[in-house]
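Notes for the one structure printed next.
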Amino acid sequence: MNAAANAAPTTTETTRRLRKWATIAAFSLIPATLLAAVLALTAENAGRCVTYGERCGSTPDWLYTGSLLLAGAAWLTVLCVPRDALRRTALGLQLAAEATFLVTVVSTYA
């Protein structure tokens, strides 16, 4: 058995992998948002909210903006910061912020 094949990935490989997954997560947010919006429009109150502005959800606007800004800042942190431990944490934060954004989009008309 080759000891080099069983060794942990190098910092360069780890960095490349973290950057790749952070970028995939960032760009997949667009189609995920479109799907979440379609799902939100199938809610019972969606027609009344879109047509008359009644019974709309009470999600605050700052939650949408804040989660997107946090996801963007975390993505930039993964791309730019030299420490792998901080990159891993930023990737987790990015995924959590994107999930929060998607949940708020789905619950728009709840």
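Mapped onto our numbering, the consecutive letters of the sequence shown carry residue numbers 836 to 945. Ideal Cβ positions, reconstructed from N, Cα and C, are used throughout, including at glycine.
Chain-order list of residues whose beta-carbon lies under 6 Å from that of residue i (same chain, five-residue window excluded)
i, result
"Leu-905", "Ala-932"
"Trp-908", "Per the sequence presented here, residue 908 reads as Ala, with Trp not at that position. Closer than 6 Å at Cβ, skipping near neighbours: no residue."
"Leu-898", "Thr-939"
Cβ-based neighbour list, residue i, same chain, cut-off 7 Å, excluding 5 preceding and 5 following
i, result
"Leu-914", "Arg-854 and Ala-857"
"Leu-930", "Ala-860"
"Cys-884", "Arg-890, Cys-891 and Tyr-944"
Limits of the unbroken alpha helix (DSSP H) element including residue i
i, result
"Val-916", "Counting along the chain, Val-916 falls outside any alpha helix (DSSP H), and DSSP gives it neither H nor E."
"Glu-848", "846 to 876"
Member of the options whose CA lies at the smallest distance from the CA of residue i
i, options, result
"Thr-912", "Ala-920, Val-885, Val-941 and Ala-925", "Ala-925"
"Thr-847", "Leu-870, Arg-922 and Arg-890", "Arg-922"
"Arg-890", "Glu-879, Leu-928 and Thr-900", "Glu-879"
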